[in-house]
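If you use mature numbering (1 follows the signal peptide of the UniProt record, and there is no 0), the sequence shown corresponds to residues -19 to -1, 1 to 140, in order.
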Amino acid sequence: MVYAVLLFLCLVKTTCSLAVDINECFVEKAGANQMNVKRPSPLAQSCRNNNNAFCAALFDVTEANDLQNNANPMMGYKVHENCEKAALKAEAIRTCPRSCAFCCLTPQYNCTNATTGGPPVPTCADGRANCAQVQQYCTVEPFAGTLREQCRKTCRICT
């Protein structure tokens, strides 16, 4: 039944994906123009969607500007507005945690939002284990954006 409702919503959704600021599983960090920005914690790439086609249709951000900003650790992170809708949120957490940056709400992570008293997040650290092996791609597109997000220390985005 849930999939039928979500499929219906997928078919009637507009072509413009409306992105909103991330409101779950985030930390605030110093960003561009000395403004604090919200970034996923853990990184959205830390978990997997359970149905990529379904998640892409209903929960993925598709606007080029939002995608570019999401890859830049100095910019605020956006998720699709459907991720925040009460009627869809449980399905987003269960099926599409990567698309909605809900990794910390999955059983694999079961963490506390760092802004509400969780353990401090290092200001400069790599988010994946093999950063040293892919360091040469830190400035090579199309890999550079992802690596700047996931391998901040190795790519010298921070110190």
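Glycine residues also receive a C-beta, built at the ideal position from the N, C-alpha and C atoms.
These numbers come from a predicted model, not from an experiment.
Between the segment 17 to 30 and the segment 72 to 88, the count of C-beta pairs closer than 8 Å reaches three or more; the two stretches touch.
Taking all protein chains shown into account, residue 137 has fewer than 16 neighbouring C-beta atoms within 10 Å of its C-beta and is therefore exposed. Beta-bridge pairing by DSSP links residue 11 to 17. Residue 70 sits in a helix when the DSSP states are folded into three classes. In the three-state reduction of the DSSP assignment, residue 64 falls in the helix class, which pools H, G and I. Counting only the Cα atoms, residue 60 lies some 21 Å from residue 89.
In this structure, residue 23 lies away from residue 133, with their beta-carbon atoms at least 8 Å apart. Within the DSSP bridge table, the entry for residue 59 names 2 as partners.
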